[in-house]
Amino acid sequence: QRRVHGASPPIHQNLSEVPRCPKCGELARPHILFVDEFSSEEQYRAETVLRRVANVDCIILIGNALESHFSTLLLSQAVNNDALIIDINTLPACESGRVRQLQGKAETLVPQLCKIIVSTLTKPKVSLDATNFIELLKKSMKAL
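Residue 24 is where the sequence shown starts when you use the working numbering, and the numbers rise one by one after that.
Set out below in structure tokens:
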């Protein structure tokens, strides 16, 4: 058994099948941010995302336990801007700000929410701006 730097638990597969970094030859890892890491502009466009969140009317958290520094920053920015926060989780992750919670598994709730939104948007004479979209989300959440 070998460990990939930053990964846990041990990898129990044939390591010859794991991709390697073309630059350094080390074992590659998924393009994700581990809990103890910080985001960067180069790899995650962190500053760009934070700037954009400053102007949102709504943010949707899906399966995020808010354990990373970056997700906490995003949420704080949304709360400061009084944005609607939709928290889709098995357990509530957010309790501050204008929060609407959909409690359950994301793989069940997200497709249902999308189906309701799509069926509404395909109806004749439906126009959508930020306010209408937020109202649509609120109605959709009541239907779930």
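Backbone N, C-alpha and C fix where the C-beta goes; we use that ideal spot for every residue, glycine too.
contact_flag[the stretch 96–103, the stretch 113–127] where n(CB pairs < 8 Å) is 3 or more: yes
To the nearest angstrom, how far is it from the Cα of residue 140 to the Cα of residue 113? 21 Å
Quick one: using the 10 Å Cβ neighbour count with 16 as the cut-off for buried, is residue 106 buried or exposed? buried
Just list the alpha helix (DSSP H) runs in the stretch 64–101, keeping only unbroken ones of 4 residues or longer that don't cross its boundaries, in chain order. 64–67 and 69–76
Since residue 135 and residue 167 should fall inside the 8 Å C-beta cutoff, what is the C-beta to C-beta distance between them, to a whole number of angstroms? 6 Å
Less than 8 Å separating the beta-carbons of residue 83 and residue 109? yes
Assign residue 144 to buried or exposed, taking buried as 16 or more other Cβ atoms, counted over all protein chains shown, within 10 Å of its Cβ. exposed
N-terminal and C-terminal residue of the alpha helix (DSSP H) that residue 114 is part of: Per DSSP, residue 114 belongs to no alpha helix (DSSP H) and is neither H nor E.
To which residues of the same chain is residue 71 closer than 8 Å at the C-beta, ignoring the five residues directly before and after it? 64
Rank 103, 85 and 52 by C-alpha distance to the C-alpha of residue 14 and give the top, closest one. This structure leaves residue 14 out entirely; the chain is present only between 24 and 167.
Taking the C-alpha atoms as reference points, what is the distance between residue 46 and residue 91? 28 Å
Would you tell me roughly how many angstroms separate the C-alpha atoms of residue 128 and residue 157, rounded to the nearest one? 22 Å
Grab the span of the alpha helix (DSSP H) containing residue 141 for me, first residue to last. 129–144
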